[in-house]
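Down below is the structure, laid out as structure tokens.
Number of protein chains: 2
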Amino acid sequence: MKATGIIVEYNPFHNGHLHHATSAKEKSGADVLIAVMSGQFLQRGEPAFADKWARTEMALAAGIDLVIELPYAYATAQASDFAKGGITLLDALGCESFCFGSEQGAIEPFLRSYKLLADRRGQYEQMIHEAVKTGVSYPMALNKAYTELVGETEGFADLKQPNNILGFHYIDAAKKLNSPIQPITIQRIGANFHDPIRSGTAIASATGIRKAFFEDTSIEELSVYMPEASVLALKRFAEETGSFGSWNRFYPLLRYTILRERPDGIRKFAEVTEGIENLIYDAAKTEDTFENFIVRVKSKRFTRTRVQRMLTHIYTGFTWEQLRTFQTPTYLRLLGMSAAGRNYLNRQKKNIGLPLISRAASLDDSMGKLDIHATSMYMLGLGKTAMKKEYTSPPLYFG
Amino acid sequence: MKATGIIVEYNPFHNGHLHHATSAKEKSGADVLIAVMSGQFLQRGEPAFADKWARTEMALAAGIDLVIELPYAYATAQASDFAKGGITLLDALGCESFCFGSEQGAIEPFLRSYKLLADRRGQYEQMIHEAVKTGVSYPMALNKAYTELVGETEGFADLKQPNNILGFHYIDAAKKLNSPIQPITIQRIGANFHDPIRSGTAIASATGIRKAFFEDTSIEELSVYMPEASVLALKRFAEETGSFGSWNRFYPLLRYTILRERPDGIRKFAEVTEGIENLIYDAAKTEDTFENFIVRVKSKRFTRTRVQRMLTHIYTGFTWEQLRTFQTPTYLRLLGMSAAGRNYLNRQKKNIGLPLISRAASLDDSMGKLDIHATSMYMLGLGKTAMKKEYTSPPLYFG
């Protein structure tokens, strides 16, 4: 049995994801499709719209065979660590390939860019360093250095596009791991990330879809943009928890914790750097909404995403000290499987490179405990404390 | 001008307090009555029913001449440190006497008991130590040792009574300070501390009165038990903040912070000792109400009051490390004054032993910043962030 892997957030699952999943299976020729999925907090430094169980359900209903949790420490990290976490897990699961959506849609430019940068890494890093010194954000600096290196030459990856950047990091992670896993890419189609839902189209952005849910759009209308199973799973999640995950919803707790920690305390949380703790503290003192708060704190240098990652760690209490203890993912947390997924695990048992964990009670190392902790923090943000699924349920099964 | 001092919480101010204030002035023959009052958190380890501004207003309306804030570090401490903080401030203010309510109502038994224990301190401390080892709470151990020492002898203070105990600590604090301040006591009258309001009586317990406010009792009915100015100040406070301070109200934030800190984090907060952090954490995981939570955590050894003091420090983020930096109160924070109080301060200016602080902006040491921080934490517990009074208002003035 051949497996291909994808690294996803499904926040929430929509027709664009369905297209990606279907194409990944086709293009790779794999029998089994494995998704490594972020848990309760996401790479953009946000609480997930719906919890990992609801999102696993959507994934399984749409034909994913195995859903494995990307540990919190990687799911909420900058692109290179996010990629390292995801690729390490897919490699441990014995995937022959991984498949990412990209604006470019062809793999050669990525490999060419990778080779160019690998050959000239010293020069590249020096250029990034220089650019950062001018006060631009790290992604901007990276981009500037890359553009200067590649020049006007055709045939390289366009690393100004967000999905291309992520894809590039996946390839980089696979090479660093010395993994035999092969990269595949699929052209992304449809809505741009931030487009609102446009009536009549079948693909909408996750942002637009989240907005539609907050506005209580009907199941029929939403079903144009996402599988009906996804709509139903989300509606049920909202019924159970009273709402969806968002910083707006979590802000009272976040604000309290920022004010309680004070600048001296804030500094110790992961990703908080360079004196931004005072700005975070002062903004929390006066701003009554998350949106006003983040607008006060973000800047050219500290992008919204970067600040939100800091906030995520402040919110969950995840420190630099803890972060530094993590070198590589240490387990495979199984959130859900199809019959084919179960079959694959049974057959591959001996080739799987990390312990496969079906129940939280078995997660006894600090990285795993952090995932359980993240669920507890996530549920409290929603005003709930239901941890039943986390502790006592087996992985979801779609037979 | 002669001044006498009282140490109070006014949670909230009622006719029993009015009686105490009037008698203190009469019995001491003082021209000016000074109250050192706890701020936003109280000695029983609870958020105050109404904030310190509303309580200052009640005190001034009832004839108190000066209201000085007892710093958080002392207001939330065990009896001996609470007493030390209060007496130090009254001494610094040049009071000739201080006046406490007691079950016994005469000062001689207190002085006799003080002398006995001073003479036999070594033996007393050894007996307390032995009693603690049997697993009883510290107050119980103290009481046991004291009863054994005093025996059946008449004429000593009955240190089983809560107000007698506090009075004893005041005397002890004054002696340790080598202060010339003289102790006076007044017999407490009326309701026992926990009695509910009984119709037709003019004195009710603070507990009963708080309950009546939660039940939205009418102003007319409440005015039987407390000055009408107090009723109105409280009603206005509730209108402004939407509620009153209580652990029930603050529990969602407390619970989140306990779960976020986890046992390792909880241990660092002031008063948290001897492995209780696991019990606190486990109870927070499952208990949805504060009352169920505290019942799980308190025990014969760790009384409700002691646990609540730990919770107060966890809630505000006050650590052992901070606590250890405080030796003695470093300022007099003026919350309110009458014309006579202002007059007294002007005349006594040169004799006042600590800097007199009228505005929070002038509080630049760590103890003072902690009081401002406590206000911020208190307001967040009520779902508010109004800090205007704390920062920009002068002390209240009742001319």
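First to last, the protein sequences are chains V and P. For the first sequence, the positions run 1 to 399 when my numbering is used. For the second sequence, the positions run 1001 to 1399 when my numbering is used. Even glycine gets a Cβ: it sits at the ideal position worked out from N, Cα and C. Bear in mind that the values here come from a model prediction, so they are computed numbers and not experimental data.
Give the interface partners of residue i over in chain P, defined as CB-CB distance under 8 Å, in chain order.
i: V/Glu261; result: Gly1317
Could you name the residues of chain P that residue i contacts, counting a contact when the two beta carbons are closer than 9 Å?
i: V/Asp365; result: Correct list: empty, because the minimum Cβ distance to chain P is about 15 Å.
i: V/Leu380; result: Pro1252, Arg1255, Tyr1256, Leu1259 and Arg1260
Please list, in chain order, the chain V residues whose beta carbon lies closer than 8 Å to that of residue i.
i: P/Asp1288; result: Thr385
Please work out which residues of its chain come closer than 7 Å, Cβ to Cβ, to residue i, disregarding the five sequence neighbours upstream and downstream, and give them in chain order.
i: P/Asn1400; result: Since the first residue of chain P shown is 1001 and the last is 1399, residue 1400 of chain P is not available in this structure.
i: P/Glu1390; result: Ala1360, Ile1372 and Thr1375
i: V/Lys298; result: Arg304 and Val307
i: P/Met982; result: No information on residue 982 of chain P is available, as it lies outside the stretch 1001 to 1399 that chain P covers here.
i: P/Gln1040; result: Pro1047, Ala1048, Asp1051, Lys1052, Ala1374, Thr1375 and Tyr1378
i: V/Gly341; result: Val32, Asp65 and Leu66
For residue i, decide whether its Cβ has a neighbour in chain P, counting only Cβ atoms nearer than 8 Å.
i: V/Gly265; result: yes
To which residues of the same chain is residue i closer than 8 Å at the C-beta, ignoring the five residues directly before and after it?
i: P/Ile1171; result: Phe1110, Leu1111, Tyr1114 and Pro1183
i: V/Phe193; result: The predicted position of V/Phe193 is uncertain, since its pLDDT is 46 and thus under 50; no value can be drawn from it.
i: V/Asn143; result: Leu159 and Lys160
i: P/Ala1229; result: Glu1057, Met1058, Ala1061 and Ala1062
i: P/Ser1028; result: Lys1002, Thr1004, Glu1096, Ser1097, Cys1099 and Ile1184
Residues in its own chain within less than 6 Å of residue i by CB, not counting five upstream and five downstream?
i: P/Asn1248; result: Phe1290
i: V/Ser420; result: The question about residue 420 of chain V has no answer, for chain V in this structure spans 1 to 399.
i: V/Gly245; result: Pro47, Ala48 and Phe49
i: V/Phe269; result: His313, Ile314 and Thr319
i: P/Ile1087; result: Tyr1170, Ala1173 and Ala1174
i: V/Phe402; result: Absent from the model: residue 402 of chain V. The displayed extent of chain V is 1 to 399, so no value can be given.
i: V/Lys25; result: Leu33
i: V/Ser223; result: Val231
On a CA-only basis, which of the options is nearest residue i? Give me that one, please.
i: V/Ile314; options: V/Leu332, V/Leu356 and V/Glu271; result: V/Glu271
i: V/Phe250; options: V/Ala173, V/Gln308 and V/Asn346; result: V/Gln308
i: V/Glu46; options: V/Thr392, V/Thr312, V/Gly336 and V/Thr241; result: V/Thr312
i: P/Ala1021; options: P/Gly1242, P/Ala1003, P/Ile1064 and P/Phe1041; result: P/Ile1064
i: P/Phe1302; options: P/Gly1085, P/Ala1233, P/Ile1352 and P/Ala1141; result: P/Ala1141
i: V/Ile357; options: V/Glu228, V/Met367 and V/Leu334; result: V/Leu334
i: V/Lys349; options: V/Gly242, V/Met367, V/Leu332 and V/Ile258; result: V/Leu332
i: V/Asn472; options: V/Phe213, V/Leu93 and V/Tyr281; result: Absent from the model: residue 472 of chain V. The displayed extent of chain V is 1 to 399, so no value can be given.
i: V/Val36; options: V/Met379, V/Ser362, V/Gly336 and V/Lys384; result: V/Gly336
i: V/Lys300; options: V/Lys27, V/Ser23, V/Ile219 and V/Lys133; result: V/Lys133
i: V/Ile6; options: V/Arg44, V/Leu89 and V/Arg55; result: V/Leu89
i: P/Pro1012; options: P/Thr1286, P/Leu1234 and P/Pro1263; result: P/Leu1234
i: P/Gly1383; options: P/Gln1322, P/Arg1255 and P/Glu1240; result: P/Glu1240
i: P/Ser1362; options: P/Ile1352, P/Ser1393 and P/Ser1338; result: P/Ser1393
i: V/Gln43; options: V/Tyr72, V/Ser28 and V/Ala54; result: V/Tyr72
i: V/Tyr146; options: V/Ile181, V/Leu116 and V/Lys285; result: V/Leu116
i: P/Gly1242; options: P/Asp1216, P/Pro1263 and P/Lys1176; result: P/Asp1216
i: V/Glu154; options: V/Gly122, V/Gly135 and V/Glu108; result: V/Glu108
i: V/Ile189; options: V/Ile294, V/Leu370 and V/His17; result: V/His17
i: P/Ile1352; options: P/Ala1083, P/Gly1167, P/Gly1151 and P/Asp1091; result: P/Asp1091
Report the partner residues of residue i according to the DSSP bridge assignment.
i: V/Phe110; result: Paired residue(s): none; V/Phe110 is not in a bridge.
i: P/Val1036; result: P/Ile1007 and P/Ile1068
i: V/Gln43; result: None; V/Gln43 has no bridge partner.
i: P/Gln1078; result: Beta-bridge pairing links P/Gln1078 to no other residue.
i: V/Gly336; result: V/Val67 and V/Leu396
i: P/Leu1356; result: P/Leu1332
i: V/Ile189; result: V/Ile189 is not bridged to any residue.
i: P/Gln1182; result: P/Ser1097
i: V/Thr319; result: V/Phe269
i: P/Ser1102; result: P/Gln1187
Using a C-beta cutoff of 8 Å, does residue i count as contacting chain V?
i: P/Met1377; result: yes
i: P/His1373; result: yes
i: P/Phe1193; result: For P/Phe1193, the predicted model reports a pLDDT of 46, less than 50, meaning its position is unreliable; a value from the coordinates is still stated below. For P/Phe1193, the answer is no, since every Cβ of chain V falls outside 8 Å of its Cβ.
Residues of chain V with CB under 9 Å from residue i, in chain order?
i: P/His1313; result: Per Cβ cutoff of 9 Å: no residues; P/His1313 is ~11 Å from chain V at best.
Indicate, with yes or no, if the ligand ADP has a heavy atom lying under 7 Å from the CB of residue i.
i: V/Leu259; result: The ligand content of the structure shown is nil, which means the ligand ADP is not present either.
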